[in-house]
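Here the structure comes first, spelled out in structure tokens, and everything after it is commentary.
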Amino acid sequence: MKIGVIGYGNMGEAFAKALKDMAEVLVHEIDEDKNHKALREGFGVAKELDFLVENTQWILLAVKPKDAVDVLNALKGKLEDKILISVVAGMKLSSIQELCESSKLIRLMPNINVLVRRAVIACAFGEVENEKRETFFNVFSACGNLYEIKEELFDLFTALAGSGPAFVFKFIHALALAGVRGGFSYEMAKSIALDTVLGSCQLLKSLGGHPEEWVTKVASPGGTTIEGIKTLEEKGFTGLVMECVERTSEKAKILL
Ligand SMILES: NC(=O)c1ccc[n+]([C@@H]2O[C@H](COP(=O)([O-])OP(=O)(O)OC[C@H]3O[C@@H](n4cnc5c(N)ncnc54)[C@H](OP(=O)(O)O)[C@@H]3O)[C@@H](O)[C@H]2O)c1
Numbered sequence: 000m001k002i003g004v005i006g007y008g009n010m011g012e013a014f015a016k017a018l019k020d021m022a023e024v025l026v027h028e029i030d031e032d033k034n035h036k037a038l039r040e041g042f043g044v045a046k047e048l049d050f051l052v053e054n055t056q057w058i059l060l061a062v063k064p065k066d067a068v069d070v071l072n073a074l075k076g077k078l079e080d081k082i083l084i085s086v087v088a089g090m091k092l093s094s095i096q097e098l099c100e101s102s103k104l105i106r107l108m109p110n111i112n113v114l115v116r117r118a119v120i121a122c123a124f125g126e127v128e129n130e131k132r133e134t135f136f137n138v139f140s141a142c143g144n145l146y147e148i149k150e151e152l153f154d155l156f157t158a159l160a161g162s163g164p165a166f167v168f169k170f171i172h173a174l175a176l177a178g179v180r181g182g183f184s185y186e187m188a189k190s191i192a193l194d195t196v197l198g199s200c201q202l203l204k205s206l207g208g209h210p211e212e213w214v215t216k217v218a219s220p221g222g223t224t225i226e227g228i229k230t231l232e233e234k235g236f237t238g239l240v241m242e243c244v245e246r247t248s249e250k251a252k253i254l255l
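Per numbering that gives the first Met the number 0, numbering through the sequence shown is continuous, rising by one, with the last residue being 255.
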């Protein structure tokens with residue numbers, strides 16, 4: 000497969016690197032320094048957008064929303080049967096279709112974890128035939144886990160999975176600070192917190208079950224953990240996290 004990546008910024012670079020074992024990647028970027036970087040990192044560079052379009056079958060649009068309109072206008076009438084994959088936040092399939100006059104579209108909402116090929120990625124399809132969808136799933140699963148969702152759930156997904164890593168980082172930092180308060184160095188406390196979160200996620204993913212079932216396995220009657228759980232509940236931890244996601248999702252709706 001040949002994939003053209005338009006925009007070699009945070010997302011374009013991360014996707015290009017995650018996809019490089021699965022596809023031949025050609026980059027088009029307006030910033031000369033980033034073009035050189037892409038070349039150094041082993042990718043082909045197309046100086047002209049038209050060259051990229053002519054030489055690839057799949058095109059990943061990874062520019063900021065403010066630049067996407069110009070790029071989509073420039074793609075108008077040139078896409079033929081090519082598949083355009085957009086990671087542009089907030090730009091609906093209908094708007095992309097209107098601008099580039101193609102319906103062979105895939106809309107993605109990735110998160111930053113694509114940098115380590117463990118992204119959580121929402122996808123919604125335009126008129127993309129089944130065979131192409133299968134190819135897409137095979138190739139893009141190199142970037143992480145794909146979830147096909149209804150487009151109206153993209154804002155909520157953006158809050159849960161797009162912003163989600165920031166909430167997890169905040170939680171890890173809070174655990175680390177608690178460790179520092181008790182006498183650990185920040186580095187060691189962060190490492191302990193990180194391994195605890197990582198191991199708990201692996202346990203839940205591998206062994207399954209409801210998270211609360213595992214809480215009861217850790218929090219023995221009259222033990223130490225239940226004291227901490229009581230504090231979390233008294234301070235409204237569950238409601239706080241739910242409200243955090245709800246407000247983030249509302250903001251995503253307004254921004255986009
Ligand atoms: N970053 C995230 O965590 C994240 C998560 C989900 C979705 N997204 C979406 O991903 C898209 C890219 O975000 P990003 O953070 O990767 O942005 P970014 O780092 O700014 O990368 C975009 C790159 O595209 C270049 N560019 C601008 N106009 C171009 C054009 N006409 N042709 C070719 N290249 C062009 C920019 O160059 P200049 O810098 O010189 O303008 C920049 O290097 C956005 O639409 C965003 O909504 C990002």
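Positions of the beta carbon are idealized from the N, C-alpha and C atoms, including for glycine.
Nearest-angstrom Cβ-Cβ length linking residue i and residue j, presumed shorter than 8 Å
i, j, result
"S94", "L83", "Rounded, the Cβ-Cβ distance is 13 Å, inconsistent with contact."
"G125", "K103", "6 Å"
"F153", "M108", "6 Å"
Extent of the continuous beta strand (DSSP E) to which residue i belongs
i, result
"M10", "Where M10 is concerned, there is no enclosing beta strand (DSSP E), although the alpha helix (DSSP H) it sits in stretches over 9-18."
"H209", "Premise fails: H209 is in no beta strand (DSSP E) and is neither H nor E."
"G235", "Note, G235: premise wrong, no beta strand (DSSP E); not H, not E."
Option nearest residue i by Cα separation, candidates the options
i, options, result
"I148", "V119, A175, E130", "V119"
"F14", "F183, A158, N110", "N110"
"G76", "Q96, K91, V240", "Q96"
"V4", "C243, L51, E31, G235", "L51"
"S85", "L197, K63, G207", "K63"
"T256", "V244, E232, L202", "Nothing in the structure corresponds to residue 256, since the chain is present only between 0 and 255."
"G163", "A123, V240, E79", "V240"
Cα-Cα separation between residue i and residue j, rounded to whole angstroms
i, j, result
"K46", "A165", "35 Å"
"L98", "K169", "38 Å"
"R106", "L60", "10 Å"
"W213", "V113", "29 Å"
"L203", "Q56", "39 Å"
"N144", "E133", "14 Å"
"D20", "E249", "38 Å"
Segment limits, alpha helix (DSSP H) that includes residue i
i, result
"M187", "185-206"
"G181", "163-181"
"K131", "129-139"
"I95", "92-99"
Three-state class that DSSP yields for residue i in the structure shown
i, result
"S85", "strand"
"V52", "helix"
"E23", "strand"
"R116", "coil"
"M241", "helix"
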